[in-house]
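Protein sequence lines correspond, in order, to chains A and B. If you read the first sequence in the numbering used here, its first letter stands for residue 473, the second for the next number, and so on. If you read the second sequence in the numbering used here, its first letter stands for residue 473, the second for the next number, and so on. Even glycine gets a Cβ: it sits at the ideal position worked out from N, Cα and C. The structure presented is a predicted model; accordingly, all values stated were derived computationally and were not measured. Everything below concerns the one structure shown next.
2 protein chains.
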Amino acid sequence: MKKKTVQPPPVRASRRGTGNTTLTDVARLAGVSAITVSRALKRPAVVAPATLARIHDAVARTGYVPNLMAGGLASNRSGLIAALVPTVAGSVFLDTVQALTDACDEAGCQLILGQSGYTGFREDALINAIVGRRPDGIVLTGIMHSTEGRRKLLASGIPVVETWDLTPTPIDMLVGFSHERVGTEVADFLYRRGYRHPAMVTADDYRAGLRRSGFEARMRSLGVDVVNIRMVSAPTTLQHGREGYAALLAEGVPVDVVFCSSDVLAQGVMTEAQARGLRVPDDIGVMGFGDLAYASFLHPALTTVHIDGKTIGQQAAQFIFDRIEGRDVAERIRDIGFSLVVRDSV
Amino acid sequence: MKKKTVQPPPVRASRRGTGNTTLTDVARLAGVSAITVSRALKRPAVVAPATLARIHDAVARTGYVPNLMAGGLASNRSGLIAALVPTVAGSVFLDTVQALTDACDEAGCQLILGQSGYTGFREDALINAIVGRRPDGIVLTGIMHSTEGRRKLLASGIPVVETWDLTPTPIDMLVGFSHERVGTEVADFLYRRGYRHPAMVTADDYRAGLRRSGFEARMRSLGVDVVNIRMVSAPTTLQHGREGYAALLAEGVPVDVVFCSSDVLAQGVMTEAQARGLRVPDDIGVMGFGDLAYASFLHPALTTVHIDGKTIGQQAAQFIFDRIEGRDVAERIRDIGFSLVVRDSV
DNA sequence: CTACAAAATGATAGCGCTACCATTGTAGCG
DNA sequence: CGCTACAATGGTAGCGCTATCATTTTGTAG
């Protein structure tokens, strides 16, 4: 006797349904109309308890799973939130992504994630692909977008939240902080700590560039005319950090502190220092940016800049949900600031 | 005069379209039928060049972006591949996810990513949410699924690829390797290296458990009766590694090597050793699992187990594309094995 | 010039669900 | 008893695209 297993339905051969169970099948079994089944699953409060019970039973017996493409088409609500981040690999954006994921879980929608990398080209391709899905909201990282991408976003009518940067003229809504100000305050801090020969190991992306500009300008205003810069390509890695610091050392000019554009780079700088028998912070101070989860567990514990990525994600989600549900978004721009976290590495 | 900007269309107020440009609008402008526009965008080879040009012009002028919900409903092809991984945060699964993303880019579809965590509960919730999207394929991590989840996957008729483990009885297709065998071969290797007092800092998830079983069993067969085990909760962190090694040291029993269930844990063990003035590998050997991108750049460079996550992702994608396109999948189970990478930490 | 085949294009029903309006039943009030 | 308001349920057109079959147009051989 044949083993009793659930057989997958056949691939559709003609325009006559896909073989999957539909609302209509469930309705027939429960003895109600299809729209009542839809209400039972989406807005159970408007369905009589006895009817609800019969419908849930029919759903269980048939194994029915709603087709969200059909529902999305009919309601013009896809139940998707799209987020573009440069990368998820060991990055500062993880808390933001996690907060967006949690907010979607709570709201009963789903996050679709795209990695835009650090060139504008891939962001445009992703914007095109994503707009096709008609997400209920789009979360972007940064404020630098192509003219074409910006136009397509505006034309789509989809709520957009830019994050992780600041501008008075966002596409729609924005939650972030000033990268120049980060650089400025780190310069102040390191100067006050007595460092007079600063260097940077920094990525070549736009936002890292803003932090570098802020850092260099403030250092100049404090009388430190030269900041040695080692540029590495984004996304940053521990290897980049090691190589960056090795290159600084090879130059032979005095360096008493290295400000890195990410914690990962800072970790690499510290590893290279350790490999060369140099002590942090005795021989060289190291500062990072991002306050990744492991920053406080490095040895020495890393001094860095903390960004509340979680709040960025939560606020971005709130902006979108408010817009979707027709509520006024009073403040469309929110500056969440940042804080310096002083540990042992400077 | 009002600034010339693209105005977002109004939120739909009645069942009369959403205000967005549709195929029909483009068709009217190009002087062809809607189905010809659809062909121009999806299968341009069957449209005359002059007609193609008119259609592309109309698309550009209207800013039309196809509605993939409608297309997916009509064709029963969503253009989505769903992947469930326990976590993306600094994990061994990144190469697999990246390979899936690249394969989707090349094939013109999109990856929808879910983080299932390390409890079965969340995987079931994700399976339910994902099946609603009718993805063209589903990639799972591991082989341990609930009865309910397994049944829902089978009933959906969607191609499923299990990854990162091995079983002769997969749901559908599988690409992975044996975690017990990893443990066994690491035990052999460390024993040959002369280590007689092994310990483990290992996560409490299922696959890490398989590696531990294999490791302990082989050590016993080699006459090493005791393997000190420190369990930490998944997902693993540098902090867990530091704490795990600190706990081993606090026990006061002799340990000459620590096998960690992940590179992150190994990094934590090395950091704790460094903080206590212990030299790796002189005073304590450390081995990891996963061969993360930074493993070779740690100091000392980490000895670990390499898993070809990229090939897992590529093969999983190939399985799905073959199935979608109606090609026979001859070998539905592929064991990609693993390799030991001997560096400086043991 | 004609016939035939291939290429190009068109018509339409339907994919599965839902917004919107309609209907029915019942409780409560005057 | 009659009327009204509200809860529960139903009918249906339509969301935007495409599979499938049909028709038209074009190119070429005889």
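Using the beta-carbon count (16 or more within 10 Å), is residue i buried or exposed?
i: residue 619/B; result: exposed
i: residue 617/B; result: buried
i: residue 683/A; result: buried
i: residue 664/A; result: exposed
i: residue 571/A; result: buried
i: residue 845/B; result: What is shown of chain B runs 473 to 818, which leaves residue 845/B out entirely.
i: residue 558/A; result: buried
i: residue 628/B; result: buried
i: residue 707/A; result: buried
i: residue 688/A; result: buried
i: residue 482/A; result: Only weak support exists for where residue 482/A lies, its pLDDT of 37 falling under 50; the value from the coordinates is given anyway. Per the 10 Å Cβ criterion, exposed.
i: residue 724/B; result: exposed
i: residue 807/B; result: exposed
i: residue 705/A; result: exposed
i: residue 763/A; result: buried
i: residue 614/B; result: buried
i: residue 699/B; result: buried
i: residue 464/A; result: The structure shown does not extend to residue 464/A, since chain A spans only 473 to 818, so no value can be given for it.
i: residue 516/B; result: exposed
i: residue 520/A; result: exposed
8 Å is my cut-off, CB to CB: does residue i come that close to chain B?
i: residue 787/A; result: no
i: residue 590/A; result: no
i: residue 743/A; result: yes
i: residue 701/A; result: no
i: residue 628/A; result: yes
i: residue 560/A; result: yes
i: residue 817/A; result: no
i: residue 566/A; result: yes
i: residue 641/A; result: no
i: residue 662/A; result: no
i: residue 507/A; result: no
i: residue 779/A; result: no
i: residue 585/A; result: yes
i: residue 776/A; result: no
Based on Cα-Cα distance, which residue from the options lies nearest to residue i?
i: residue 592/B; options: 568/B, 577/B and 622/B; result: 622/B
i: residue 494/B; options: 606/A, 703/A, 811/A and 707/A; result: 606/A
i: residue 630/B; options: 808/A, 812/A and 492/A; result: 492/A
i: residue 523/A; options: 502/A, 531/A, 816/A and 643/A; result: 502/A
i: residue 735/B; options: 659/B, 769/B and 749/B; result: 769/B
i: residue 531/B; options: 666/B, 500/B and 727/B; result: 500/B
i: residue 721/B; options: 672/B, 654/B and 497/B; result: 672/B
i: residue 847/A; options: 771/B, 710/B, 774/B and 677/B; result: In the structure displayed, chain A extends from 473 to 818; residue 847/A sits before or after that span and is not available.
i: residue 612/B; options: 798/B, 789/B and 797/B; result: 789/B
i: residue 604/B; options: 804/A, 818/A and 535/A; result: 535/A
i: residue 677/A; options: 589/A, 799/A and 669/A; result: 589/A
i: residue 625/B; options: 602/B, 547/B and 712/B; result: 602/B
i: residue 787/A; options: 743/A, 596/A, 610/A and 561/A; result: 610/A
i: residue 541/B; options: 545/A, 538/A and 516/A; result: 545/A
i: residue 655/B; options: 810/B, 817/B and 815/B; result: 810/B
i: residue 529/B; options: 514/B, 517/B and 509/B; result: 509/B
i: residue 816/A; options: 801/A, 803/A and 771/A; result: 771/A
i: residue 548/B; options: 497/B, 507/B, 527/B and 608/B; result: 608/B
i: residue 726/A; options: 668/A, 747/A, 703/A and 715/A; result: 668/A
i: residue 577/A; options: 801/A, 703/A, 793/A and 538/A; result: 793/A
i: residue 651/A; options: 679/A, 744/A and 639/A; result: 679/A
Would you say residue i reaches chain A, if we count a Cβ-Cβ gap shorter than 8 Å as a contact?
i: residue 783/B; result: no
i: residue 765/B; result: yes
i: residue 512/B; result: no
i: residue 808/B; result: no
i: residue 771/B; result: yes
i: residue 790/B; result: no
i: residue 490/B; result: yes
i: residue 496/B; result: no
task: Scan the stretch 519-549 of chain A for residues whose Cβ lies nearer than 7 Å to a Cβ of chain B and list them as they occur along the chain.
output: Here the close residues are 535, 537, 538, 539, 540, 541, 542, 544, 545 and 548.
message: Against chain A, which members of the stretch 599-613 of chain B pass a CB distance test of less than 9 Å?
response: 600, 601, 602, 603, 604, 605 and 606
Stretch-stretch touch, CB-based, cutoff 8 Å, three pairs: the stretch 688-701 of chain B with the stretch 744-761 of chain B: Taking one beta carbon from each stretch, the stretch 688-701 of chain B and the stretch 744-761 of chain B have fewer than 3 pairs nearer than 8 Å; the two do not touch.
query: Does the stretch 658-672 of chain A come within contact of the stretch 579-591 of chain A, defined as at least 3 CB pairs closer than 8 Å?
result: These segments do not touch.
- prompt: Going along the chain, which residues of the stretch 733-761 of chain B sit with their C-beta nearer than 9 Å to a C-beta in chain A?
  reply: 736, 739, 740, 743, 744, 746 and 747
- request: Pull out every residue of the stretch 703-728 of chain B whose Cβ sits closer than 8 Å to any Cβ of chain A, in chain order.
  value: 709, 710, 711 and 714
query: Between the stretch 547-566 of chain A and the stretch 775-787 of chain A, do three or more beta carbon pairs fall short of 8 Å?
result: yes
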